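Okay, so here's the structure we're looking at.
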Amino acid sequence: MTEMARIEELIADLRSGTLDVRRAATAKLGTSGKEAVEPLITVMQTGENDLRWYAANALVLIGSPAIEPLLTAMRGTDEIDLRRYAAAALAEIGEPAIEPLIDIIARAERDLMPFAVMALCRIGEPAVEPLLRLMESPDPDTQERAALILWRMGEPGAGPLAGALKVKDR
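Numbering follows this note's numbering, in which position 90 of the sequence shown is assigned residue number 915; successive positions increment by one, without gaps.
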């Protein structure tokens with residue numbers, strides 16, 4: 826059996842398997858690496874939310890190779906649920922996803938900003954320094970977006986935000 830055939834078989838298990846079968850398929854897809862990314866993205870684009878949840882979890886296990894395809898999928902649709910599950914996956918991937926998410930904020934991609942904010946807040950403390958750097962932008966709107974994200978982050982972002990604002994006032 827080819828690797829792609831195995832991936833398709835595991836995706837079929839996601840679609841119609843029992844809970845245990847779906848969990849096992851998610852874990853196996855997560856170890857399949859880059860080859861499974863596009864088929865999992867397709868599942869997220871065409872599936873119901875249960876399928877999106879399993880596909881997103883497998884993409885989290887795959888990690889960094891899933892980041893750009895997830896962002897591309899988010900940019901290619903207006904479908905809120907896909908964007909929400911993709912953002913959740915990016916948040917769980919964590920630190921490797923920070924810079925691409927920061928780029929969405931810096932470029933003011935209005936359609937994706939709420940999802941990038943949600944992911945950055947979920948990532949928490951590792952996103953603080955990149956957001957503080959974004960506050961140094963010459964563009965006041967970019968500075969404001971970064972400050973609002975730090976504030977929304979709560980405890981991990983509030984102290985650094987206050988410190989950055991004190992320095993800025995001097």
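Cβ coordinates follow ideal geometry from the N, Cα and C atoms, glycine included. Quick caveat: nothing in here was measured; it's all calculated off a predicted structure.
Endpoints, alpha helix (DSSP H) assigned at residue i
i       : result
THR851  : 844-855
ARG935  : Unbroken run through ARG935: none, as it is neither H nor E.
SER1076 : Residue 1076 is absent from the structure shown; the chain starts at 826 and stops at 995.
PRO955  : 953-959
THR867  : 862-871
GLU920  : Premise fails: GLU920 is in no alpha helix (DSSP H) and is neither H nor E.
Cβ neighbours of residue i in the same chain (closer than 6 Å, five flanking residues each side left out)
i      : result
ASP838 : VAL846 and ALA850
ILE866 : PRO894 and ALA898
ALA971 : LEU956, LEU959 and MET960
LYS859 : PRO890
GLY835 : Note on identity: in this sequence residue 835 is Leu, with Gly being the wrong assignment. Cβ within range, chain order: ALA850, LYS853 and LEU854.
Helix, strand or coil at residue i [DSSP, three-state]
i      : result
ASP964 : coil
THR897 : helix
GLY888 : coil
GLU904 : coil
GLY988 : helix
GLY858 : helix
GLY949 : coil
GLY982 : helix
Residues near residue i by beta carbon distance below 8 Å, same chain, minus five either side
i      : result
THR902 : GLN870 and ARG908
PRO997 : Residue 997 is absent from the structure shown; the chain starts at 826 and stops at 995.
Cutoff 7 Å: residue i Cβ touching any chain B Cβ
i      : result
ASP936 : The chain labelled as chain B is not found in the depicted structure, where only one protein chain is given.
Same chain, Cβ closer than 7 Å to residue i, five either side skipped, listed in chain order
i      : result
ARG935 : none
VAL885 : ALA914, GLU917 and ILE918
GLY949 : MET978 and PRO981
GLY842 : ALA850
| task | Indicate whether the contact test is met: 3 or more Cβ pairs, each with one atom in the segment 901-921 and one in the segment 955-966, closer than 8 Å. | result | Verdict: no, contact absent.
### Segment contact, 8 Å Cβ cut-off, at least three pairs: the segment 962-969 with the segment 937-949
No: fewer than three Cβ pairs fall under 8 Å.
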